[in-house]
DNA sequence: AGAAAGGCATA
DNA sequence: GTATGCCTTTCTG
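Residue numbers (the working numbering): 13 to 960.
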C-alpha cells in the first residue's frame, strides 16, 4: 500500500487563516513592524506536512476571484465574512513567492474556489491510481472522501488526523461521505454563509440524516414532521435545496492532473533562505532544511489509515476533546491561540536535562555553598496561591546552567519553612549575585512575607519582552514557544483545570514538582540569554535598566503596603444606595407599565423601543440589539421622564456593584487593607494598569460617585493622605515636543491653558472668555491628544459638525507647529513602523500603511497618542523610582500607595508632612526636563477625596 | 463554568 | 477619537 503514489493537495487559505488565528493573541511582528503571523503559521504547517509525510506529489491551491457560480446562486454567499485581516492580505504574495522558490506548484483557477480545484484534481488523480490527501481543517471536504481520497486535518494541540471513509461515517453519522453535503446543507455554515434550514443545527441535522438519508428525501416527507419544525421547514424547501447546492464542491473545474507537474523537486535553497531572512524567520530556516533533508524518516499517513480504521494516536487524543471536534478546529470559528506545529516543538520529554531535588539537610548545605559561588542565578518560587499575600512556599527552583537545575521543597510547617529560607537568605540578599526570573515582582512579594529582601541585580524576562515587543503577551508559555520552540509542562497537568476543584501545588508528588519548577527556571534562564542580546538595540536597554527593573521593586512595595479602607462608611453608602435604587425601580416599572430587568440592555431596549416606541428608528448595536448606551439615552432624556430615571438607576447600580459593595470584599483579611496588583506589561503605551481591584478607576466625576473616595483613608491617626497630581502633563508634553511656542509660553506663564486656548481660537481677551468657550477649548485640547475628528468633537460638545470642524481648523491655525508635529509622527510611523516616547519606548504600528482607511486612521491616531501617553507614563515612572529611593534612604515612615497615571497617593506620617510636600513635588516636577515646566498640585486630607 | 456582549468607571 | 478593568446579562458547551 505504501508503494502507491501519493498526492498532497494543500488548501492554502484555510491554512493561512488557521495560522493567523493561531497567533492572534500574540501576533508575530518583525522589526519592520510587519505582521508575519499568517505567513509563519502557513509555512509551519506546510513544512510540517512535508517533513512528516515526504509526499512525492504536492500542490498548493488558492482561490481566485471567488466563485462566480455560487454568488449567482445566492448573492449573500460568503458576504458576511469579516474583511480579510491585513496580515493575511500581505501574506499571500509572500507565500506564493516562497512556494515558487521551493518549486512547489501553485494551483489557481480564476473564478473557482480552492475547494473546487482540490475536488476536481483529487478525483482525476484517483482515476490514475493515486492516493490523495487533502490538507485542510475545513470539514466541507469530508464529502470528497473515498477509498483513495483522504482528509489530512491539523488538529488542536498539534498533530494530524487522517479521515478516510470510516472516520467520516463516524464523525458525521452518515453511511456515505456524499451525505456530508446534505448535512452541511441542513445545518448551514455561518462562515460560508450557507443559510441551512431554519431551526436545524448539528444535532437535528444528524437526526434527519439517520431518518431520511438526504435533503431531497427529507423535503419530500415533511408531512411526517410536527409542530413548529414542520412549518419552518416546509416554508424553507427552496432554501434547503439552495443550501445543498452551495455546500457542494464542484468537480468539473477546467484543470488537469498531470503527475509530472506535481512532482516534488529540489527547492531553490538560497532563495527561500533569503525570503525567510527578510521576514526574520530564524527558526523556520531550520525547519525548512530539515523538511527537505533526505535523512529524516517519515511516518506516513497511509500507515495510519489502515482499512480497519483503528483509532490512531491522534484520534485518541482528539476524542477526549469532545466527540465532535469539527467545529473546534475550524479556523474561522477558532479564536484560541493554538500552536500550529506543536509537534515540532521540544518538550521536557524530548530535551535532555538534569533536574534534581535537594531534600536532605546535608544536601541543602552543599547546595547553598554551590549557589553562593554563582554570579547569576535564575529562580522561581512554587506556592500555594497566586495571591502572594497568602501564598506559602512549596518549593524554590534554581538554575544557572541551561538544561540543569535544582529544586528545594519546603516543609508545610511555617517555622521549619522559615528555617530553610534562612539558609537561603545569604543568596537572596547578596548584592553580588544577579537574580533572574519571570515576573520577579511576584517572587519578591512572596519572599517578603518570609522577611527576605531580595537584592542584587535583577533580570526579569517578562519585562524584557514587554520592551522588545509590547503588543505580544508575555506569559512564560508563550515566550518559550516563540523563542525556544519549547512547550513547557502545563500547570493543569499538575493541579488540574482552573476552577473550584483546582488542586494545590502542595499535593503534587515531589518528582513532578521538581520537573515542573526546575523546567520553569531553566526556560527562564534560556529566555534571558535570548533577550539580553535583543535589549541591546536602541534605548531599550536603558529603559530596562533605569526604568522597568527599578520600578518592579517600587511596585512590589506599594502592593505589599496596600491602602486602608473604611468599610463601615462603604456599608452605610450601600444601604442608602439600595433604598434609592429600589425607589427608582418602582418609578421605572410604573412608567414602563410592567416589571423587567432594567440592568439587561436587551430587555430594556425591547421595552423602550418595541413597547413604548420612544423613537422612530432606534439605533442598533452590531449584534442587532437596540443600543441603550449612555450617550444614546442622554439624547432622549429631555423628552421622556423614564430615560433620566434609567440613567440614574444605571449610575447608582454601577456605583454599588463595582465599588461600594465590591471593595470591602477585596480587603485582605491578613492585613486589613486593599492590595491592588499593578500590571507592568499589559498597556501597549507603557502605562501601568491596576487590577484586583482596579484602583485606577475610582469615581470622581459625579458627586455621588466621588463619595467612594472618602472610604480610602490613612492607616491610623498618625498618618494623613497626600495626593500629588501632574497638571496637564500630556498637553505639556505635546507642546514641548512640537515646540509650539504659543502654547509653551502659556505654560511658562502659568496661565490657565484652556482659557488661554479659548482666548486665542475665539479671538477674545483672556478676561472675556466665557465658560462655554473655555469648555469647548478644553474639549479640543484633550481631543488633540487622541486625534480628534470633527464628528467626535461635535458629539462631545454643543457644536454642530460644521462648527466643530471650524473650531479644529482655527485651533490648528493658532497652533501650527502642533499640527506639523502630528503629521511628523505619522510620517515617522510610516517609514519606521513604530513611534516612540521621550525615553525611546517603542510602539509598533503594523496597520500604519494599511489600504483600509478605517484601519489606517486608527493606526494614525495611535501614532499621535502613543508617544504622548507613553511619555507621560515614562515620566511618572521616573518620579516613582526617585521618590521611593529617597523615602528608603531617608528612613521615612511615609509610604507611596497608589499610582493613577498622572497622580501618586501617599500615606504620610504626620511629622514628615512638611518634608514630604516638598520632596514629592520636587521629585515629580524634576523627573524629566522638557521645554515646558512640569507642574504638580499637592493636596492633603483625612481621605482620598479631601486630599484632592 | 466560561465566553461574549453591552455598558461604564478612570486618566 | 487614546489607554485600561470589571460589572451584569445572556449564550453556549
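Beta carbons: idealized from backbone N, C-alpha and C, even for Gly.
Annotated as distal: residue 54 and residue 102, with beta-carbon spacing of 9 angstroms or more.
For residue 643, the number of other beta carbons within 10 angstroms of its own is below 16, and it is reported as exposed. DSSP places residue 608 outside any beta strand (DSSP E), giving it a letter other than H or E. By the neighbour-count criterion, in which a residue is buried when 16 or more other Cβ atoms sit within 10 angstroms of its Cβ, residue 201 is buried. In the assembly as shown, residue 151 is a buried residue. Its beta-carbon has 16 or more other beta-carbons within 10 Å. Secondary structure remark: continuous beta strand (DSSP E) runs of at least 3 residues inside the stretch 558-586, in chain order: 575-577.
The criterion of a C-beta distance shorter than 9 angstroms is not satisfied by residue 560 and residue 688. Inter-segment contact for the stretch 397-408 and the stretch 448-461 is present: three or more beta-carbon pairs are separated by less than 8 angstroms. DSSP lists no bridge partner for residue 224.
Contact between the stretch 848-868 and the stretch 686-704 is established, with three or more Cβ pairs separated by less than 8 angstroms. Residue 502 sits exposed, since fewer than 16 C-beta atoms from the chains shown fall within 10 Å of its C-beta.
As far as DSSP is concerned, residue 264 takes part in no beta bridge. Beyond the five residues adjoining it in sequence on each side, residue 875 comes within less than 7 angstroms, by CB distance, of 837, 838, 841, 847, 857, 860 in the same chain, given in chain order. Counting other Cβ atoms within 10 Å of its Cβ, residue 374 stays below 16 and is therefore classed as exposed.
In this structure, 130 is the residue among 130, 100, 181 with its C-alpha nearest to the C-alpha of residue 19. Only residues of its own chain outside the window of five on either side were considered, and among them 367, 409, 417, 419 have a CB closer than 6 angstroms to the CB of residue 530, listed in chain order.
In this chain, the alpha helix (DSSP H) harbouring residue 490 covers 488-491. C-alpha of residue 279 to C-alpha of residue 890: approximately 53 angstroms in a straight line. Within the model, the alpha-carbon separation for residue 625 versus residue 654 is close to 13 angstroms.
Beta bridge pairing from DSSP links residue 173 with 165. Looking at the DSSP output, residue 472 shares a beta bridge with 449. DSSP places residue 867 in the uninterrupted alpha helix (DSSP H) bounded by 865-901. The Cβ atoms of residue 629 and residue 639 lie no closer than 9 angstroms to each other. Taken in chain order, the whole alpha helix (DSSP H) runs of length 4 or more contained in the stretch 263-304 are 281-291, 294-304. Exposed is the label assigned to residue 229, since fewer than 16 other Cβ atoms lie within 10 Å of its Cβ. In this structure, the CA atom of residue 926 is about 13 angstroms from the CA atom of residue 934. Take residue 452, set aside five residues on each side of it, and the residues of its chain with a beta-carbon closer than 7 angstroms to its own are 470, 472, 564, in chain order. Remark: C-beta atoms of residue 720 and residue 711 approach each other more closely than 9 angstroms.
DSSP places residue 649 in the coil class of the three-state scheme, outside both helix and strand. For residue 566, the CB contacts under 8 angstroms within the same chain, skipping 5 residues up- and downstream, are 892, 893, 896, 908 in chain order. Using a Cβ-Cβ distance cut-off of 8 angstroms, the stretch 914-928 and the stretch 721-741 are in contact, since at least three pairs of beta carbons, one from each stretch, lie closer than that value. At the C-beta level, residue 383 and residue 436 come within 9 angstroms of one another. About 14 angstroms separates the beta carbons of residue 538 and residue 389, which is beyond the 8 angstroms limit, so they are not a contact pair.
Secondary structure within the stretch 753-796: the alpha helix (DSSP H) runs of 4 or more consecutive residues, fully enclosed, are 753-760, 765-773 (chain order).
Looking only at 911, 828, 797, 730, the smallest Cα-Cα distance to residue 954 is reached by 730.
For residue 713, the number of other beta carbons within 10 angstroms of its own is below 16, and it is reported as exposed.
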